[in-house]
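If you read the sequences in order, they're chains A and B. Here the first sequence is numbered in my numbering, starting from 94 and rising by one per residue. Here the second sequence is numbered in my numbering, starting from 1307 and rising by one per residue.
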Amino acid sequence: MSTTAIGRDESTMWEVTSRTVVYAAIGAALYAVTAQFSFLLPGTANVSLRPSFALVTFFGFAFGPLVGLFVGLVGNAIADWLSGWGLLTSWNWSVANGLAGLLAGILAYSLRDMIRNRLLLAAVASALAVIVGFIFVFTDMWLGTADSFSAALADNYLPVVISNVIVAAILTPILVAAWEPVRESMGR
Amino acid sequence: MNVAPRYLGRGSWLARRDPRLLVIGLALFVFTVIQVWDLRILAGLAVVAYLYYRSARIPFNQVRLNWGYVLFFVSFVVVTNTLITGGELRGLGAADLHVYFRLPLIGTPISAESITYAIVQYVRFLSMAAVGFPIAFAVAPGDIGPTFARLKVPYKFAYALDLTLRFVPSLAADMQTTIDAQRVRGYEWEKIGRGPIGKLRRTIPLIVPVTINAIVGAEDTIDAMDLRAFGTGRRTWLRELAFDRTDVLVLIGFSLLLVATTVLSQTGHTRLWVPQPLIDLAG
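Shown next, in the form of structure tokens:
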């Protein structure tokens, strides 16, 4: 059985095996551990680059949408937990991260006939996944974290999408390029 | 690098509760708080949150930085919300505001209403954080998997959650090993690159090897699970959870708060309330 989303067909993409469970757990733990590496984007007040976010789109792209969903959802919650913000305090942001991972996995499958170059496919799928997945942070309007649409857009959506698109479009193809030869040598 | 979850509330009244109570309680409390803009009601909810937090007996000196982080984040959200909304507050028009002064350049009115609104947001967020903190510090990390499994989360998801928490310390150790190994080769994480792309490039020698090593190393875990026939039947958990009478009473309390607040909200009693002294200040 192939382990990459690219090599899967529709019937196995949603299958949950021991491999899915372990890759999801590894990805979420890695995301939580590496989330400490972040830095402010020059010239902005609140846009910080979090390189570890690329793990969400990478795991979604390489191991399927369910793994991506778990890595984003649980990884972000545990990263928040470890930083002291609380496991479920910003649950809607964890869901947004999860959606980005889920979409990266779905897009890896659905765009593969259009974009033959895997690294380009990884960059495009990741960027689109972030742009669409993070629409969920507009729920901050309902939760009271953002008072209006303009506040949610300017404070929440745009900063996170800009920084995560930069990170995902650059680092996801690099991770895919590093993983593909290893995967082939392992016979997966 | 020590990033293992900290079980600081060990032995406290809240830590002795069924961990499902902490998760359900937080969900009920969040849905309660987000309906309220009246500072008087919120003050009551804040007292409930404080007492609940105190019952977890989390030593403050151990979480001082965490609370500092929360305060910084909340302050950022409150200030930017106040500036960006420009005085359009919860259905109040410009004529309803009791303005003190306008901010230079952007012209945002600072009024009795916007000050109250900012205080309300502080109280809301801090109350939610106070009820959320015990999940982080008063639930044994080993109980997280069974907790979600008993909350009817699919057992494979709950198992993955349990596995994640077990992987965190070992992957943190791997990360530190990689940092040390790269340092020996002349790489210094602290000497961060120039520009966003340069900064991102500096993280590649850390993130890529740690990720690929972790994935390759996962094969042992996968084999062990396959050999034990994981996924072929329904899984049981060694740790058994059961609500006792106190747990049920606390849950009923949280539920009643939600019901009462919903009724108040539907009848228009939870809207923004501005203290008279703040209105008087506007002259």
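Beta carbons are placed, not taken as given, at the ideal position from N, Cα and C, and that holds for glycine.
On a CA-only basis, which of the options is nearest residue i? Give me that one, please.
{"i": "B/Leu1371", "options": "B/Pro1415, B/Arg1430, B/Phe1439", "result": "B/Phe1439"}
{"i": "A/Phe132", "options": "A/Ala125, A/Ser111, A/Asp233, A/Val260", "result": "A/Val260"}
{"i": "B/Leu1328", "options": "B/Thr1552, B/Leu1570, B/Ile1585, B/Ser1571", "result": "B/Thr1552"}
{"i": "B/Asn1367", "options": "B/Gly1413, B/Pro1325, B/Gly1315", "result": "B/Gly1315"}
{"i": "B/Thr1542", "options": "B/Tyr1465, B/Gly1317, B/Pro1447", "result": "B/Tyr1465"}
{"i": "A/Asn210", "options": "A/Ala245, A/Glu273, A/Gly165", "result": "A/Glu273"}
{"i": "A/Leu251", "options": "A/Ala222, A/Ala271, A/Val230", "result": "A/Val230"}
{"i": "B/Val1369", "options": "A/Trp174, A/Phe146, A/Phe152", "result": "A/Trp174"}
{"i": "B/Leu1587", "options": "B/Thr1422, B/Leu1348, B/Ala1349, B/Val1385", "result": "B/Thr1422"}
{"i": "A/Val114", "options": "A/Leu148, A/Ser243, A/Leu162, A/Asp248", "result": "A/Leu162"}
{"i": "B/Ile1513", "options": "A/Thr105, A/Pro266, A/Ser278, A/Met279", "result": "A/Pro266"}
For the beta strand (DSSP E) that residue i lies in, which residues bound it at each end?
{"i": "B/Ser1417", "result": "1415 to 1417"}
If you follow the alpha helix (DSSP H) that residue i is part of, which residue opens it and which one closes it?
{"i": "A/Tyr124", "result": "111 to 127"}
{"i": "B/Arg1408", "result": "Element bounds for B/Arg1408: not the alpha helix (DSSP H) but the beta strand (DSSP E), 1405 to 1408."}
{"i": "A/Arg276", "result": "251 to 279"}
{"i": "A/Met207", "result": "Counting along the chain, A/Met207 falls outside any alpha helix (DSSP H), and DSSP gives it neither H nor E."}
{"i": "B/Val1565", "result": "1551 to 1572"}
{"i": "A/Asp233", "result": "233 to 236"}
{"i": "A/Val164", "result": "158 to 176"}
{"i": "B/Gly1451", "result": "1450 to 1456"}
{"i": "B/Pro1583", "result": "1582 to 1587"}
{"i": "B/Val1336", "result": "1325 to 1339"}
{"i": "B/Arg1346", "result": "1345 to 1360"}
Check whether the Cβ atoms of residue i and residue j lie closer than 7 angstroms to each other.
{"i": "A/Ala262", "j": "A/Ala216", "result": "yes"}
{"i": "B/Val1437", "j": "B/Ala1352", "result": "no"}
{"i": "B/Val1474", "j": "A/Ala122", "result": "yes"}
{"i": "A/Gly191", "j": "A/Pro158", "result": "no"}
{"i": "A/Phe227", "j": "A/Val253", "result": "yes"}
{"i": "A/Ser111", "j": "B/Asp1532", "result": "yes"}
{"i": "A/Ala239", "j": "A/Ala172", "result": "no"}
{"i": "B/Gly1570", "j": "A/Pro144", "result": "Per the sequence shown, residue 1570 of chain B should be read as Leu rather than Gly. Against a cut-off of 7 angstroms, the Cβ pair of A/Pro144 and B/Leu1570 comes out as no contact."}
{"i": "B/Leu1555", "j": "B/Thr1338", "result": "no"}
{"i": "A/Ser256", "j": "A/Leu181", "result": "no"}
{"i": "A/Val160", "j": "A/Ala117", "result": "yes"}
{"i": "B/Leu1284", "j": "B/Pro1447", "result": "The question about residue 1284 of chain B has no answer here: the residues shown for chain B are numbered 1307 through 1589."}
{"i": "B/Pro1452", "j": "B/Leu1547", "result": "yes"}
{"i": "B/Ser1417", "j": "B/Val1429", "result": "no"}
{"i": "B/Leu1398", "j": "B/Glu1419", "result": "yes"}
{"i": "B/Leu1334", "j": "B/Phe1560", "result": "yes"}
{"i": "A/Ala222", "j": "A/Thr150", "result": "yes"}
Going by the C-beta, is residue i closer than 6 angstroms to any heavy atom of the ligand GDP?
{"i": "A/Gly194", "result": "Only the bare structure without any ligand can be found here, which leaves the ligand GDP out of the picture."}
| task | Quick one: which residues of the region 204 to 229 of chain A get their C-beta closer than 9 angstroms to a C-beta of chain B? List them in chain order. | result | none
| task | May I ask you to list, following chain order, the residues of the region 1363 to 1391 of chain B that have a beta carbon less than 8 angstroms from some beta carbon of chain A? | result | Val1369, Leu1371, Asn1372, Trp1373, Tyr1375, Val1376, Phe1379, Phe1382, Val1383, Thr1386, Asn1387, Ile1390, Thr1391
| chain B contacts made by the region 228 to 247 of chain A, where a contact means CB separation under 8 angstroms | Trp235, Leu236, Gly237, Thr238, Ala239, Asp240, Ser241, Ser243, Ala244, Ala247
| task | Ignoring anything shorter than 4 residues or poking outside the region 1489 to 1540 of chain B, list the alpha helix (DSSP H) runs there in chain order. | result | 1501 to 1533
| request: Using a Cβ-Cβ cut-off of less than 7 angstroms, list which residues of the region 1532 to 1565 of chain B approach chain A; keep chain order. | output: Asp1532, Phe1536, Gly1537
| What residues in the region 246 to 274 of chain A have a beta carbon less than 7 angstroms from any beta carbon of chain B? | Ala247, Asp248, Ile259, Val260, Ile263, Leu264, Ile267, Leu268, Ala271, Trp272
| said: Counting only Cβ-Cβ distances shorter than 9 angstroms, please list the residues of the region 1320 to 1353 of chain B near chain A, keeping chain order. | reply: Val1329, Leu1332, Ala1333, Val1336, Val1339, Ile1340, Trp1343
| Any residues in the region 1456 to 1474 of chain B with a beta carbon nearer than 9 angstroms to a beta carbon of chain A? Which ones, in chain order? | Pro1460, Lys1462, Phe1463, Tyr1465, Ala1466, Leu1467, Asp1468, Leu1469, Thr1470, Leu1471, Arg1472, Phe1473, Val1474
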